[in-house]
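Residue numbers (this note's numbering): 411 to 1121. Report on the structure given below.
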């Protein structure tokens, strides 16, 4: 009959007074042994000792027990108890539950100490999430949980947010089939069904991207930082039932608004209300839109109003703010770490100074009645109101000259037929002078006046050509009139700046970095220019050379056109050949000014570029910028997902599509010494070829248009 295996015997437990315990030299924890002891002491004070100390009797020289015990395992608990005794929160002879081993036990003390730490298995994060959720379910306050576990309330909220993810995804995470970073990404949406849909898209991916998951779960949402949200105010959106989701694990700038339709309705209602308020000032029309096209007032005359001067109180306040700002800047200029409150105060000072300097403008009521205003939202979410634009058809009609019928057609100074009521000075008939009337002399005939002034024109042109300084000012004068005074006729030069009006202007063009810089420059010059176009000539003569050159460059810049307009064949306005020549010269100009489109702020975003090209083009672009391995990471995605993921891959790659690149100068080609065949036909069409990016892409690139639209 086989012997039954001997059953193990566990070490007995006893309560031993604390003052009879000694920390053993056999305790293996030597590196930072006091780390977290204060928190552990507080926890023991709250809940008691959860685990017994492991102790052994201390023997004297004769091998007899002394009544004291060493603690080889449980050193942190011993130090925490020791701290409680020192702080008089625990009696020095308080009984401590201990598991007692024999002094001569076969298991070494060092073995126990090492095993206690090495055999420990940390709590799985998922169990921690669910544990905290269980405490909340039993009505424990988040702040109390944070205090009990020595973390911040924000950390507890993060754990609870993780616990709220779909149970299916939590089980997948518990099985180590999903990383913690990926699980964190799923917390940006509370819709469990949508979470599972996104997981199905990436379940088989080699290395699924958390950022892709976040974008996918928020693709039908609007960021709180969006200018529309700032315009209507987040509180107003929430007050009428709008919901906001937050990412507790990433900087989300306030989260995302999930009800885009509600937001759009709030924006439209507020814009309409603001339009009515602006229209009540007496303007003939108010054009309100979330965003106007670039240079919306192109071709319209802008009224020159009178700016309201600062009051003495306002001037005093502005001086006080400037002094305070200078003092703070000087005080903290050399500091490595400037407090947040100092930054906030400096920003508040700048904002108040800006409000004081932004003076209201008073217009003539008669001019208000024929003019209008553009109302929109600026990039910061503020209401943008641009007042005082007069449409050509609303310009007041001048009284006809004596002897002319209202509305009669007369030849203009450029040969075009004009209305007599447009301007009496355009008539070829010179008005009779008083002395001619007295002497009975008839005025010179129109034909003779035309002949004489033609001769004078040539003489003036010749003298003009011999005075470069005057020519420069005269051209600048014509440029300024056309750029800032609309239909002004105060120049005899038949030259002007034809400001570019973009065909099919893309959304956001006005608010891009170059667009904002141009708008700021226009506003700065408009503030300096005289109110009347009749005073511009004298103003330019008094202007310094440097300012004059800057103004000339600004006006000329508005005529630069490097857009590849959409044309089919030749429509009488612009041809493919003309566009090709225009673009070729734009490259010369770009090299001359050192154009850097990346530095100017362009990025290959999904909305601005990638969503507008087919999948093969996206993959080719990523391959060119980052390499084929990166393209292979996204080649399995659907079109929308591929565009958003490609945006992330191309964000800092410094890559540009071909239409935005400035070609390098070609090296001189080696002379071809071959003799051309005598009957070879001339290639007359070569000059009219479009650049590669304007030519139609081949079928192998574009593919089936219907298939692309369905992606």
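Glycine included, C-beta positions come from ideal geometry on N, C-alpha and C.
Asked	Found
For residue 477, three-class secondary structure by DSSP	strand
Where residue 456 sits in the DSSP three-state scheme	helix
Helix, strand or coil at residue 1169 according to DSSP, with G and I counted as helix	Here the chain has residues from 411 to 1121 only, and residue 1169 is not among them.
Limits of the beta strand (DSSP E) - the one that residue 782 falls within	782-787
Pairwise C-alpha distance: residue 595 and residue 624	6 Å
Local Cβ density within 10 Å of residue 820, reported as buried at 16 or more and exposed below that	Any reading at residue 820 must be qualified, since the residue scores a pLDDT of 44, below 50, and its modelled position is unreliable; the value itself is stated next. Residue 820 is buried by the Cβ-count criterion.
Three-state secondary structure assigned by DSSP to residue 796	strand
Stretch-stretch touch, CB-based, cutoff 8 Å, three pairs: the stretch 663-677 with the stretch 724-739	no
Short Cβ contact (8 Å threshold) for residue 894 with residue 906	no
Three-state secondary structure assigned by DSSP to residue 1089	Low confidence applies here, because residue 1089 scores a pLDDT of 41, under 50, leaving its location unreliable; read the following figure in that light. Three-state result, residue 1089: coil.
Per-residue burial, residue 438 [other beta carbons within 10 Å of its own, 16 or more giving buried]	buried
Alpha carbon of residue 980 to alpha carbon of residue 993, nearest angstrom	Low confidence applies to residue 980: its pLDDT is 45, below 50, so where it sits in the model is not reliable, and the reading given next is rough at best. Near 17 Å, if we compare the C-alpha coordinates of residue 993 and residue 980.
The alpha helix (DSSP H) enclosing residue 767, as first and last residue numbers	750-767
For residue 973 and residue 989, the rounded distance between their alpha carbons	8 Å
Where residue 1126 falls, given that 16 or more other Cβ within 10 Å makes a residue buried	Because residue 1126 is not part of the residues shown, which for the chain are 411 to 1121, the question remains open.
Buried versus exposed call for residue 607 [16 or more other C-beta atoms within 10 Å across all chains shown]	exposed
Cβ shell of residue 423 (< 8 Å), same chain only, five flanking positions each side left out	462, 507, 508, 509 and 510
Check whether residue 701 and residue 778 have beta carbons under 8 Å apart	no
Selected residue, minimal CA-CA separation from residue 444, among 875, 750 and 490	490
The stretch 922-936 contacting the stretch 1005-1025, beta-carbon criterion three pairs below 8 Å	yes
Within the stretch 650-701, ranges of the alpha helix (DSSP H) (whole runs, at least 4 residues)	670-689
Exposed unless 16 or more other CB atoms sit within 10 angstroms - verdict on residue 759	buried
Distance between residue 879 and residue 955 (C-alpha atoms, nearest Å)	11 Å
Cα-Cα separation between residue 626 and residue 681, rounded to whole angstroms	31 Å
Rounded C-alpha distance that separates residue 517 from residue 524	11 Å
Segment contact, 8 Å Cβ cut-off, at least three pairs: the stretch 1048-1064 with the stretch 1017-1033	yes
Contact test: residue 537 Cβ vs the ligand FAD heavy atom, cutoff 7 Å	As for the ligand FAD, it is missing from this structure, which has no ligand bound.
Burial state of residue 539 (16 or more Cβ within 10 Å)	buried
Reduced DSSP category for residue 557 - H, G, I as helix; E, B as strand; rest coil	helix
Reduced DSSP category for residue 448 - H, G, I as helix; E, B as strand; rest coil	helix
Alpha carbon of residue 470 to alpha carbon of residue 476, nearest angstrom	6 Å
Element boundaries [alpha helix (DSSP H), containing residue 514]	Careful: residue 514 lies outside any alpha helix (DSSP H) and carries neither H nor E.
When 791, 586, 716 and 866 are compared against residue 773, the one with the closest alpha-carbon	716
Pair within 8 Å by beta-carbon distance, residue 957 and residue 891	no
Sub-8 Å separation of residue 598 and residue 684 beta-carbons	no
CA nearest to the CA of residue 804, picked from 712, 853 and 884	712
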